[in-house]
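So the structure is just underneath, and the comments pick up after that.
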Amino acid sequence: MRVRKAVIPAAGFGTRFLPASKSQPKEMLPVVDKPVIQYVVEEAVAAGITDILMVIGKGKRSIEEHFDRNFELEAELAAKGKTRELESIRAISNLADIHFVWQKELKGLGDAVYCARQHVGGEPFAVLLGDTLMTAQEPVILQLMRVFERFGEPVVALEEVDRERVSRYGVIDGREIGDGVFLVRDFVEKPRKDEAPSNLAIAGRYVLTPDVFDVLEQTERGKNDEIQLTDALRKIVSVRAAYGLRFAGRRFDAGDKLEFIKTNISFALMNPELSTDLAAFIRSLASSL
Numbered sequence: 000m001r002v003r004k005a006v007i008p009a010a011g012f013g014t015r016f017l018p019a020s021k022s023q024p025k026e027m028l029p030v031v032d033k034p035v036i037q038y039v040v041e042e043a044v045a046a047g048i049t050d051i052l053m054v055i056g057k058g059k060r061s062i063e064e065h066f067d068r069n070f071e072l073e074a075e076l077a078a079k080g081k082t083r084e085l086e087s088i089r090a091i092s093n094l095a096d097i098h099f100v101w102q103k104e105l106k107g108l109g110d111a112v113y114c115a116r117q118h119v120g121g122e123p124f125a126v127l128l129g130d131t132l133m134t135a136q137e138p139v140i141l142q143l144m145r146v147f148e149r150f151g152e153p154v155v156a157l158e159e160v161d162r163e164r165v166s167r168y169g170v171i172d173g174r175e176i177g178d179g180v181f182l183v184r185d186f187v188e189k190p191r192k193d194e195a196p197s198n199l200a201i202a203g204r205y206v207l208t209p210d211v212f213d214v215l216e217q218t219e220r221g222k223n224d225e226i227q228l229t230d231a232l233r234k235i236v237s238v239r240a241a242y243g244l245r246f247a248g249r250r251f252d253a254g255d256k257l258e259f260i261k262t263n264i265s266f267a268l269m270n271p272e273l274s275t276d277l278a279a280f281i282r283s284l285a286s287s288l
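Residue numbering for the sequence shown follows numbering that gives the first Met the number 0, beginning at 0 and increasing consecutively.
Here it is, written out as structure tokens:
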């Protein structure tokens, strides 16, 4: 069955970015010249998904406004002959059919996904975390969709991480069956490094089946006193198959301050208008360290 819908959870407070995130969602922080969440939407659209539900919370109204038309700004740009800028902001509101639902209480990623149950209905759907960016020749979520089309079972994106950092992620216990695809035996949320079954971390992209909502409804709070999506997936894999894909591409964690800075530098170096001068600045700066 084809994946037609995507869910982007974006309800958290973003406390690691305080005070910047006090009045501005972390998902709206800029990476070069676009907010983080726009890159996530563009990935979904590049994979052929144009029905997108964003799960937002208090203080996230600017996300809605970003993907809506701003007629006053458009008129101002048109009057000043700024055609390029006008086209760029008009394109934002035409990216996809974007819907919003409120997560009334911040109870974790699992609860945020559960908020999408009425919009998703009985279809398989993609989940893209709103603070995780990917670069790849083929959109990472599309890579997962291809695995889903092959097996018809839930699929998660996987990334090898340093064992010293596994306690920051959900990880899998699984067996590679070819081409970077793993048959998952178990999911473990934020294990200690001595308890981790592997260093294959879940990397912020999922293709899920609608039965996850029934499981989430019965899932109790876990790590950090939150309803963890990983715990729900653990229940699912006990009764049916699930897969992981060690994707081709690179993940950027825009929800961490140091990684956010690295993300901005990396994306600026990929921008032809900025790359030459920025590279020269970095070389100059490095020589003085």
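Think of the CB as a built atom: it goes at the ideal place given N, C-alpha and C, for glycine as much as any other residue.
Asked	Found
Per DSSP, what kind of secondary structure is I62 in: helix, strand or coil?	helix
To which residues of the same chain is K4 closer than 8 Å at the C-beta, ignoring the five residues directly before and after it?	I48, D50, I51, L52, H118, V119, E122, F124, A125
Nearest CA to the CA of K189: which residue from E84, G179, V160?	V160
Report all residues from its chain with a CB closer than 6 Å to the CB of G254; omit the five preceding and five following residues, and keep chain order.	D130
Which whole-angstrom value describes the C-beta separation of P138 and A46, a residue pair presumed to lie in contact below a C-beta threshold of 8 Å?	4 Å
So, do the segment 145 to 154 and the segment 13 to 30 have three or more beta carbon pairs nearer to each other than 8 Å?	no
Do the segment 70 to 78 and the segment 30 to 44 make contact, defined as three or more Cβ pairs closer than 8 Å?	no
In the DSSP assignment, find the beta strand (DSSP E) that holds I171 and state where it starts and stops.	169 to 177
Go to T82, then tell me how far its alpha helix (DSSP H) extends in each direction, as first and last residue.	82 to 92
Who are the Cβ neighbours of T134 in its own chain at under 7 Å, not counting the five residues just before and after it?	G248, R249
Assign A285 to buried or exposed, taking buried as 16 or more other Cβ atoms, counted over all protein chains shown, within 10 Å of its Cβ.	exposed
Any idea what DSSP makes of A9, helix, strand or coil?	strand
Quick one: Cα of D110 to Cα of N223, how far?	13 Å
Of all the options K57, A90, T218, G80, which has the alpha carbon lying nearest to the alpha carbon of H65?	A90
Can you give the Cα-Cα distance for Y113 and E63, rounded to whole angstroms?	20 Å
I'd like to know whether the C-beta of M269 is nearer than 8 Å to at least one C-beta of chain D.	Chain labels in this structure do not include chain D; a single protein chain is all it has.
For I140, which three-state DSSP category applies?	helix
According to DSSP, is E225 part of a helix, a strand, or is it coil?	coil
Between V238, D193, L182, which lies nearest to L244 when the distance is taken from Cα to Cα?	L182
Go ahead and pull the three-state DSSP assignment for R149.	helix
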